[in-house]
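A quick write-up on the structure given underneath.
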Amino acid sequence: MELVAQGNAQRIAVLTSDDAVLPEIQEWLASTFHTTLVNSRDELVALLEGVPIAAVIADLETGAGTSEDCLNLLHELRNLNPDLVVVGLTRSRSKTLSAQARAAGLNKLLVAPVAFQELQVFLLQALQERDVQIHNRLLQEEALSRSSFCELIGGSEVMQVVYEAISRIADSNATVLIRGESGTGKELVARAIVATGSRREEAFISVNCAALPENLIEAELFGHEKGAFTGADAARAGYIEHADGGTLFLDEVGALQLTLQSKLLRVLEQRTVQRIGGKSSKKIDFRLLTATNEDLEDAVRTGSFREDLYYRINVVPILLPPLRERRADIALLIDNFLRLYCGASNVGLKEVDPEALEVLEDYSWPGNVRELQNLVQRLVLMSPGQTIRVKNLPQHILLDSTAKHESFLIPDEGVSFDDEIAKIEVAYLRAALRRTEGKKTAAAKLLGIDRQKMKYLCRKYDLGVAGQ
């Protein structure tokens, strides 16, 4: 049943089979909202899939069925439209049902007899807040689109330099060395190069050289023929062959042993690969991208990394800055991860309290973006309510923030305690005297000290003021 209000009213749906409430629905809801009455869960779901509905009022007894059916319906509604305002009507006073319903995504639960005028006021306010949230989210998404590049997030100046470098070299076949601390997102840079380059439709083979056991990495990279070693029951192509026509990304390339460095150098020079146990070489066309968090120049000096291979892979270097050097991006990254993990966990979108955000922006992030991402995932799951506050943050982050503030208060070279206390006393005395227009008796009362002490402190700090 359609009950259409005048004007550009928002659409709501009411799930109920109780005809006794129809007059009040007509008076208080249909007069304000474009209201559709439905009698079953299937009819409601079909309506939601067909037209934009802003709110649902569900009679949990007559419309949804058993308690389990009610909770399942609420979960389904939230999955269909996370922005939906959902109100439940019940005749039960069970606190357990109320808690379960709210956990399932209910915005408000009203116990019969329902005051529909109160419901009307709640809906008007909730829908107005919903529209503001949607508008703000669209603005944030627009801002994010201007501050991102493929899967990389950040609008800071140092990240703009990275984006420009990727754009310049994406269509070339130049070998790239991506440098940065662990957790900065070096593989995302490699994927961005591929996604915006001419080999985007071809294979992208990613290999973490530090994660493969030393006795396996050669076979994994170069492949092997049947019988080449114990356990080689069949011939197998290596990662380099799988990258033919596409891109090979070697993460943590500095972890390769010298013997493998020599073989890799030969592949790069000849553009051919020979499997372990093989007698012939195969021509390979691939682009090489590498990444490291090590000081390769120092490794060359100490002889643990071949100088000729270093120059082969360091054709175009891209330096990915640590998170502590791009603090302006922290809020953007948090917003992105909140959307990702709130959606994945099927919970309402959470936000970070400004004070908590200030602490997070002040933290040094030794684990970089990966550490921040893991933290946001944990906060989404473990923080009660929709707002993440300072008290929800891990202890080590709070201690780090406190230590920094203490270092500002007491620098490494120390302070003169008497001088610092004197500065504080003078500041309070001057403020009190200004407030009382120089009257020492009134100033003493304002500071909670006796008149004689006030006169003593004024003489001590040479704060001679006319008037008593």
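If you want my numbering, it's the 1-based position in the sequence shown plus 3.
Yeah, the Cβ is synthetic: ideal placement off N, Cα and C, and Gly gets one too.
Note that the structure is a prediction, hence the values are computed from the model and not measured.
With C-beta atoms as the reference, is residue 90 less than 9 Å away from residue 110? Yes, these two residues count as a Cβ contact at 9 Å.
Would you call the CB atoms of residue 183 and residue 325 closer than 9 Å? Going by C-beta atoms, residue 183 is nearer than 9 Å to residue 325.
Residue 16 vs residue 51 beta-carbon contact at 9 Å: In this structure, residue 16 places its C-beta atom within 9 Å of the C-beta atom of residue 51.
Endpoints, the alpha helix (DSSP H) within which residue 294 is located: In the DSSP assignment, residue 294 falls outside any alpha helix (DSSP H) and within the unbroken beta strand (DSSP E) covering 290-295.
Measuring only the C-alpha atoms, how far is residue 120 from residue 334? Residue 120 and residue 334: Cα-Cα distance of roughly 40 Å.
Rounded C-alpha distance that separates residue 199 from residue 160: Each residue's CA atom was taken as its position, placing residue 199 and residue 160 some 21 Å apart.
Excluding the five sequence neighbours on either side, which residues of its own chain have a C-beta within less than 7 Å of the C-beta of residue 186, listed in chain order? Cβ neighbours of residue 186 beyond the five flanking positions: 370, 371, 372, 373 and 374.
Name the residue from 165, 337 and 432 whose alpha carbon lies nearest to the alpha carbon of residue 360. For residue 360, the nearest C-alpha among the options comes from 337.
Have a look at residue 398 and residue 362 and give me their C-alpha separation to the nearest angstrom. Straight-line Cα distance between these residues: approximately 12 Å.
Continuous beta strand (DSSP E) stretch holding residue 14: start and end: For residue 14, the uninterrupted beta strand (DSSP E) run begins and ends at 14-18, by DSSP.
Can residue 319 and residue 168 be called in contact, C-beta distance under 9 Å? Yes, they are a contact pair.
Nearest candidate by alpha-carbon position, reference residue 18, set 155, 62, 53 and 56: When only C-alpha atoms are compared, the closest one is 62.
Once you ignore the five residues that flank residue 271 on each side, which residues in its own chain have a CB closer than 6 Å to its CB? Answer for residue 271: 315, listed in chain order.
Among residues of its own chain, excluding the 5 on either side of residue 287, which ones have a beta-carbon nearer than 8 Å to its beta-carbon? Its chain contains 243, 244, 246, 247, 270, 274, 275 and 276 as the residues whose beta carbon lies nearer than 8 Å to that of residue 287, once the 5 sequence neighbours on both sides are disregarded; these appear in chain order.
Taking three-plus beta-carbon pairs below 8 Å as touching, is the region 230-240 in contact with the region 199-219? No, because fewer than three Cβ pairs between the region 230-240 and the region 199-219 fall closer than 8 Å, the two stretches do not touch.
Quick one, are the C-beta atoms of residue 297 and residue 266 less than 9 Å apart? For residue 297 and residue 266, no; Cβs fall outside 9 Å.
Residues sharing a beta bridge with residue 319, DSSP: 179.
Let me check understanding here. Comparing Cα to Cα, which of 376, 352, 92 and 365 lies closest to residue 340? It is 376 whose Cα lies nearest to the Cα of residue 340.
Provide the residue span of the alpha helix (DSSP H) that contains residue 337, from first to last. Segment 333-347, the alpha helix (DSSP H) holding residue 337.
Would you kindly work out how many angstroms separate the C-alpha atoms of residue 150 and residue 303, rounded to a whole number? A straight-line Cα-Cα distance of about 37 Å links residue 150 and residue 303.
Among all the DSSP beta bridges, which residues are the ones paired with residue 111? Paired residue(s): 90.
To the nearest angstrom, how far is the alpha carbon of residue 383 from that of residue 429? Approximately 47 Å between the Cα atoms of the pair.
I'd like the list of long-range same chain contacts for residue 223, defined as Cβ closer than 8 Å, with 5 residues on each side in sequence excluded. 210, 215, 241 and 242, listed in sequence order.
Look at residue 180 and residue 293 and say whether their C-beta atoms are less than 9 Å apart. For residue 180 and residue 293, yes; Cβs fall inside 9 Å.
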